[in-house]
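Student:
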Amino acid sequence: MRKDLVLVADDDAPILRLVRTKLQADGYSVVTAMNGREAVEIFERERPDIVILDLMMPVMDGFEAMQRIRQMANTPVIMLTARSGQADKIRGLDLGADDYVTKPFNPDELSARVAAVLRRAKGTVAPATQVLKYDRVTIDLNNRQVTVDGKEVRLSRTEWELLYQLASNAGRVMLHSELLSRIWGPEFRDETYYLRTWVSRLRAKLEDDRENPRLITTFPGMGYRLESPSEEG
Numbered sequence: 357m358r359k360d361l362v363l364v365a366d367d368d369a370p371i372l373r374l375v376r377t378k379l380q381a382d383g384y385s386v387v388t389a390m391n392g393r394e395a396v397e398i399f400e401r402e403r404p405d406i407v408i409l410d411l412m413m414p415v416m417d418g419f420e421a422m423q424r425i426r427q428m429a430n431t432p433v434i435m436l437t438a439r440s441g442q443a444d445k446i447r448g449l450d451l452g453a454d455d456y457v458t459k460p461f462n463p464d465e466l467s468a469r470v471a472a473v474l475r476r477a478k479g480t481v482a483p484a485t486q487v488l489k490y491d492r493v494t495i496d497l498n499n500r501q502v503t504v505d506g507k508e509v510r511l512s513r514t515e516w517e518l519l520y521q522l523a524s525n526a527g528r529v530m531l532h533s534e535l536l537s538r539i540w541g542p543e544f545r546d547e548t549y550y551l552r553t554w555v556s557r558l559r560a561k562l563e564d565d566r567e568n569p570r571l572i573t574t575f576p577g578m579g580y581r582l583e584s585p586s587e588e589g
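Going by this note's numbering, the residue at position 121 of the sequence shown is 477; the numbering climbs one at a time, nothing skipped.
1) To the nearest angstrom, how far is it from the Cα of Ala395 to the Cα of Arg376?
2) Does Glu583 come out as helix, strand or coil in the three-state DSSP assignment?
3) Span of the beta strand (DSSP E) holding Met422?
4) Note down, in chain order, each residue of its chain lying with its Cβ closer than 8 Å to the Cβ of Val362, except the 5 sequence neighbours on either side.
5) Using 9 Å as the threshold, is the C-beta distance between Met428 and Arg393 below it?
6) Which of helix, strand or coil does DSSP assign to Thr503?
7) Please identify the residue among Ser586, Pro432 and Gln501 whose C-alpha is closest to the C-alpha of Ala477.
8) For Val529 and Thr573, I'd like the C-alpha separation in whole angstroms.
9) Write down the C-beta distance between Val502 and Leu519 rounded to the nearest angstrom, noting that I regard them as a contact closer than 8 Å.
10) I need the straight-line Cα distance from Thr437 to Tyr456, nearest angstrom please.
11) Could you check the C-alpha separation between Glu563 and Asp367 for me, to the nearest Å?
12) Look at the Cβ atom of Leu474, then the Cβ atom of Val487, and state whether they are nearer than 9 Å.
13) Quick one: is Ser512 buried, meaning 16 or more other Cβ sit within 10 Å of its Cβ, or exposed?
14) Taking DSSP as the reference, what is the three-state secondary structure of Ala484?
15) First and last residue of the beta strand (DSSP E) that includes Thr514?
16) For Thr388, does the three-state DSSP call read helix, strand or coil?
17) Between which two residues does the alpha helix (DSSP H) harbouring Val407 extend?
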């Protein structure tokens with residue numbers, strides 16, 4: 357069986373070795389690049405299944421490399437960055453990145469993100485066809501049904517639309533503007549307070565403790581992510 361091929365691009369040699377070693381140990385084939393231009397060339401030649409792309413690299417930065425990759429294919433991309441600024445993460449997500457990991461990071465977390473993004477890319481979490489199962493919560497996208505501990509939870513139309521968008525993109529950070537535009541329309545894309553209200557309502561129905569949520573994660577200044585399910589049907 358063919359192993360998934362991961363392209364890792366980072367100008368920090370120790371990090372490159374660390375990531376390569378971890379991913380190879382987890383069963384992936386890995387090719388590496390030390391700058392954005394080399395990453396684009398390798399991508400065009402090797403056509404990897406997923407790309408891990410550092411944003412700050414010489415010759416060509418990760419932003420430009422991601423744009424060029426997106427012109428060639430819709431291959432999933434995980435951003436790797438030492439920057440804590442939200443603007444860079446938002447820019448990367450706007451350019452089409454599927455997820456991001458901030459340095460310093462745990463190699464196990466990065467490998468888990470790679471697995472989750474690949475599952476989504478291969479269609480194991482497809483809108484309107486899947487049942488997503490968590491510890492206490494089950495989300496049936498096809499039948500528009502949500503249960504907590506086996507008991508059906510009634511959601512309003514807006515609550516369901518919000519959950520549907522998050523569940524259809526489980527494991528991916530969805531930007532405030534993305535959620536607002538899809539659910540309420542483009543004229544609401546800047547009304548983040550509106551979104552906070554509905555996320556709070558949804559958490560009240562699904563989370564054990566909405567003040568310390570484990571299902572729907574907040575990314576301050578960016579958006580929300582429904583965590584990847586423990587089981588998919």
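Here a beta-carbon is modelled for each residue, glycine too, at the ideal position from N, C-alpha and C.
Tutor: In short:
1) 15 Å
2) coil
3) From DSSP, Met422 is part of no beta strand (DSSP E) but of the alpha helix (DSSP H) over Gly418 to Met428.
4) Leu379, Tyr384, Ser385, Val386, Val387, Pro404, Asp405, Ile406, Val407, Ile408 and Val470
5) no
6) strand
7) Pro432
8) 9 Å
9) 7 Å
10) 8 Å
11) 41 Å
12) no
13) exposed
14) Here Ala484 scores only 46 on pLDDT, less than 50, and its place in the model should not be relied on; the value that follows carries that caveat. Three-state DSSP puts Ala484 in coil, outside helix and strand.
15) Taken as a continuous stretch (DSSP letters only), Thr514 belongs to no beta strand (DSSP E), being part of the alpha helix (DSSP H) at Arg513 to Ser524.
16) strand
17) Val407 -> not in any alpha helix (DSSP H); beta strand (DSSP E) instead, spanning Ile406 to Asp410.
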